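For reference, each letter of the sequence shown is one residue, going 1 to 399 in UniProt numbering.
Here is the structure we will look at.
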Amino acid sequence: MTFVLGVVLFALGIGVSIALHEFGHLLTAKAFGMKATRYFVGFGPKIFSFRRGETEYGLKAIPAGGFVQIVGMTALEEVDREDEPRAFYNKPVWQRVIVLAAGSITHFLIGILVLFVMAVSIGLPNLDNKAIVGEVSACVPATPTQKECRPGDPAPARQAGLRPGDEILAVGGRSTPTYEDVLRTTREMSGPTPFRIRRDGQEQTLTVDVAKVQRAPLDAKAGDTQLVSVGAVGLSNSRLLQYGVLEAVPATLGLTGQMFENTWEGIKRLPQKVPAVWRAIMGENDPERPVSVVGASVIGGDAAERGLWELFLMLLAGLNFFVGVFNLLPLLPLDGGHIAVNVYGRVRDWVRRLRGLPAGAPVDYTKLLPITYVLMLLGGAMMLLTVTADIVNPIRLPQ
1 MTFVLGVVLF ALGIGVSIAL HEFGHLLTAK AFGMKATRYF VGFGPKIFSF
51 RRGETEYGLK AIPAGGFVQI VGMTALEEVD REDEPRAFYN KPVWQRVIVL
101 AAGSITHFLI GILVLFVMAV SIGLPNLDNK AIVGEVSACV PATPTQKECR
151 PGDPAPARQA GLRPGDEILA VGGRSTPTYE DVLRTTREMS GPTPFRIRRD
201 GQEQTLTVDV AKVQRAPLDA KAGDTQLVSV GAVGLSNSRL LQYGVLEAVP
251 ATLGLTGQMF ENTWEGIKRL PQKVPAVWRA IMGENDPERP VSVVGASVIG
301 GDAAERGLWE LFLMLLAGLN FFVGVFNLLP LLPLDGGHIA VNVYGRVRDW
351 VRRLRGLPAG APVDYTKLLP ITYVLMLLGG AMMLLTVTAD IVNPIRLPQ
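Here is the structure:
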C-alpha cells in the first residue's frame, strides 16, 4: 500500500511540476502584455476546461506534458490585426527569451525549494561524509557475529556522553574532517582517548574509553574471515544533516550546484546509454541507465515503502533539474531551440546594422522543420524505449 502511495505521490509531484512549468510561460507572457489564449496540462482529448478572461484553462487526457498557446509565436503565424501589438514576435527579444526560459527556471526553483525544505526538516544528504554522529549504540559487540548486547559489553560513546548531531573534530589529537578519518583513527586507539567535538556551536572535549574488539581489516576482501583487534566506540555517521533557516541557504545552493553538474554530465552521456535501455527491455538491467517518469515513479514508490523520504525528495528535485536543463538545449522543438532562433535573429540584425544594412526578414521556421522532425522522432523513440524498459524491467531499490 505504501508503495502505491509513493508512486501516486511521485507522479503527482511530476504533474504539479509540469503544470508550474507551463504556468511560468503563462505568467511571464501575460506580464509582458502578450496574448495567451490557452493553458492546458496534458495532451490528447480534453477532459475539462474553463475560460477566465481571454485564456482557456484545462486538463487533457494524456499526462505527458502541457502547453501554453501564445498569439504570434512565429512571424509565419496569421494574427488578427487587433492582436498584432500583443503578438509574441512583436515583443523585444529579451522579453521573448524570458518567456521561453520561464518553464525551465520554474523547474530550477521547484528543485531548489524541495532541497531547502529538506535542509530545514529531515536534512540534506551527508555527501561529504562529514563526521557527524548519527546514532550512539547501546554497546559495542565483541565480534562481528554478535547481534545483541550482552551484560558487561562496553558502550564507550554512550558512557562518554556523545550525542546524535555532535560533530567530531579530532580523535586523540588527530583532525577528523570525515567519518572515514574518525573510523580509521579510532581503530588505532585503546583506552581513554580525547574526542574533540562541536555541539550546538560550542567546542568541547570528551574522554572516551575506546574498547578493543575483533573486527575485519578495513582492506579485507570478500570472503576473508580474518579478524584483528581494533578500537571501537559504538557510533554511526549521520546520513542526513539538518540546518537552520539561514544555514540552509548556502547548504541548499551548494548541493544544487553539485546536482546541476551531475545533471549536465548525465545529459552528455545520454546517447551512449541508449544500448543499456535496449538491453533492459531484453531482460538485462543496468541501474545507471536512463529512466522515464514511469521508472522514476517506481523508484519513488520503493523509497516511500522503505521510509527513505530523503531519496524520494532528492529524486523529485533531480528530475526537475534534469527537465529544466534538458529543455534549454538549443534544439527544436525544445524551448532552448526557440531561444536560439530568437537570439540568432537578434544577433544577425545587429551585424546587418553594423554593415549599414536593414534588418533581415523573420527567421523562416519552415526551413528548420526537417531537423525538427528528426529530433522529434529521435526523442519520441527514446521516450518509447525508456517507458517500455520501465514497464517490463523497472529499476527497483535493493531490499
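Where is the CB? At the ideal position from N, CA and C, for every residue including glycine.
None of the values given here were measured: they were computed from a predicted structure.
- Counting C-beta pairs with one atom in each stretch, the region 96-112 and the region 317-334 have three or more that are closer than 8 Å, which means they touch.
- Your pair Leu169 and Arg198 checks out as a contact, with CB atoms roughly 6 Å apart and the cut at 8 Å.
- If the five residues before and after Ile47 are omitted, its C-beta is found closer than 8 Å to the C-beta atoms of Gly58, Leu59, Lys60, Ala61, all from its own chain and listed in chain order.
- The three-state secondary structure of Glu84, taken from DSSP, is helix.
- Look at the region 263-288 and you find these whole runs of alpha helix (DSSP H), each 4 residues long or longer: 274-281.
- Residue pairing of Ala36 in beta bridges, as defined by DSSP: Ile70.
- The beta carbon of Ser49 sits closer than 8 Å to those of Phe40, Glu56, Tyr57, Gly58, Leu59, all from its chain and outside the five residues before and after it, given in chain order.
- Straight-line measurement puts the Cα of Val93 at about 42 Å from the Cα of Asp128.
- Beta-bridge annotation (DSSP): Pro192 is paired with Asp209.
- Under a 10 Å Cβ-count criterion, Asp302 is classified as buried, with 16 or more other Cβ atoms of the shown protein chains found around its own Cβ.
- Remark: C-beta atoms of Ala19 and Leu26 do not approach each other more closely than 8 Å.
- Note that the C-beta distance between Met34 and Phe88 is below 8 Å.
- One Cα belongs to Thr256, the other to Gly191, and the distance between them is close to 43 Å.
- Met1 counts as exposed, since fewer than 16 other C-beta atoms from the protein chains shown sit within 10 angstroms of its C-beta.
- Annotation for Glu167: the continuous beta strand (DSSP E) segment containing it runs 167-171.
- Taking C-beta atoms as the reference points, Thr186 and Val114 fail to come closer than 8 Å.
- If you check the CB distance, Ala251 and Leu124 come in under 8 Å.
- Nearest C-alpha to Ala29 among Val71, Gly13, Pro63, Gly15: Val71.
- Judged by beta-carbon spacing, Ala276 lies within the 8 Å limit of Arg289, meaning their Cβ atoms are closer than that value.
- Counting C-beta pairs closer than 8 Å gives fewer than three between the region 162-180 and the region 137-150, which falls short of the contact rule.
- According to the DSSP assignment, Asn126 belongs to no beta strand (DSSP E), since it is labelled neither H nor E.
- In the DSSP assignment, the residues bridged to Asn237 are Val133.
- The shortest C-alpha to C-alpha distance from Val136 to any of Pro63, His338, Ala160, Pro144 is the one to Ala160.
- In this structure, the straight-line span from the alpha carbon of Ala248 to that of Ala11 is close to 27 Å.
- Our two residues, Ala131 and Arg196, have alpha carbons roughly 11 Å apart in a direct line.
- Secondary structure at Gln258: helix, using DSSP grouped into helix, strand and coil.
- For Gly161, there is no enclosing beta strand (DSSP E), as DSSP marks it with neither H nor E.
- Assignment of Pro330 by DSSP, reduced to helix, strand and coil, places it in the coil class.
- A Cβ-Cβ contact shorter than 8 Å links Ala211 with Pro156.
- A direct Cα-Cα distance of roughly 9 Å separates Pro287 from Leu397.
- Cβ-Cβ separation between Gly231 and Met189: approximately 4 Å, consistent with a contact (criterion under 8 Å).
- Within the DSSP bridge table, the entry for Thr178 names Lys130 as partners.
- Contact between Ile281 and Thr388 is confirmed by a C-beta separation of about 6 Å, below the 8 Å threshold.
- In the DSSP assignment, Ser292 falls outside any beta strand (DSSP E) and carries neither an H nor an E.
- Shortest Cα-Cα distance from Pro63 to any of Gln69, Val79, Ile14 involves Ile14.
- Note on geometry: alpha-carbon atoms of Ser236 and Ser292 lie some 35 Å from one another.
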